[in-house]
Amino acid sequence: REERKVQALIAAGYPSDFNGDAYRTVSGQNANNSVRISDRFLDAVTKDGPWETVARVDGKVVDRLSARELWMEMAEAAHKCADPGLQFDDTINKWHTCKATDRIYASNPCSEFVFLDDTACNLASLNLLKFLTEGDGFDVEGYKHACRIFFLAQEIAVDLASYPTRRIAERSHQFRPLGLGYANLGTLLMVESLPYDSEAGRAMAASITAIMTGEAYALS
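According to the numbering used here, the stretch in the sequence shown is residues 158 to 377, in order.
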């Protein structure tokens, strides 16, 4: 609804930049919103079944909705304003690398860091365009080297960083979570003339991700 207000204001002649009056006059700006989704909800979407929302305190049913309609509302909202993000709760906890501790309940606001409560993670990104070579090749060895250097620097930073609470400091030193990623994948695919939604595009993204993951785990 707020995004539609912005669109109407821009159509009426207000500036479209994020610091202009159109965006200043609506609520919900400068916020990230995510929805935690279970396999049970996705099953209800597939079968066009009902979905009940429940009160957090006593578990009483608050509302009964169409799972598929709710799914479409989230998809349309994400298409218009990039929110909400989706967190697939069952999948997240199946892939949990420290299962013997506790389940994963949430993430940081942008969802790059999905781990245990009261932990902190330093984040870094590699610009994929920097590894392009002449003839539209990709410098795999240089990319591997950069992954190792960045991951080592992040490991060192765990001990040099400051933390907001004693518990976060203790658990961050205990588990030492590190977050290494990459940027400009979309631009890289365009430069390589690969459609974003194509088998070749997905294969390249998977290869780049697998290399980074392997180098990080090998160094960790």
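For glycine and all other residues, C-beta sits at the position ideal for the given N, C-alpha and C.
Taking the beta carbon of residue i as the centre, do at least 16 other beta carbons fall within 10 Å, making it buried, or is it exposed?
| i | result |
| --- | --- |
| Gln164 | exposed |
| Ala232 | exposed |
| Ser329 | buried |
| Cys304 | buried |
| Asp196 | exposed |
| Ala179 | buried |
Are the beta-carbon atoms of residue i and residue j separated by less than 9 Å?
| i | j | result |
| --- | --- | --- |
| Cys278 | Glu269 | yes |
| Tyr300 | Ile194 | no |
| Leu337 | Ser282 | yes |
| Cys238 | Glu160 | yes |
| Asp275 | Thr322 | yes |
| Pro334 | Phe295 | no |
| Met361 | Tyr339 | no |
| Leu199 | Thr182 | no |
| Asn341 | Pro266 | no |
Closest to residue i by CA distance: which of the options is it?
| i | options | result |
| --- | --- | --- |
| Leu285 | Arg323, Leu273, Thr276 and Glu298 | Glu298 |
| Ala381 | Ala360, His302 and Ile325 | The displayed coordinates of the chain run from 158 to 377. Any statement about residue 381 would go beyond what the structure contains. |
| Glu209 | Lys162, Tyr353, Leu222 and Val202 | Leu222 |
| Ala235 | Lys204, Ser173 and Val192 | Val192 |
Open item on the list: Would you call the stretch 284-293 in contact with the stretch 209-216, where contact means no fewer than 3 C-beta pairs closer than 8 Å?
Closed with: no
Task: Three-pair Cβ contact test at 8 Å for the stretch 242-254 versus the stretch 220-228 - done: no
Task: Stretch-stretch touch, CB-based, cutoff 8 Å, three pairs: the stretch 257-269 with the stretch 304-312 - done: no
Task: Within the stretch 309-361, ranges of the alpha helix (DSSP H) (whole runs, at least 4 residues) - done: 323-332 and 342-348
Open item on the list: Just to confirm the assignment: which complete beta strand (DSSP E) runs, minimum length 3, are found wholly within the stretch 208-289?
Closed with: 218-223, 242-245 and 279-284
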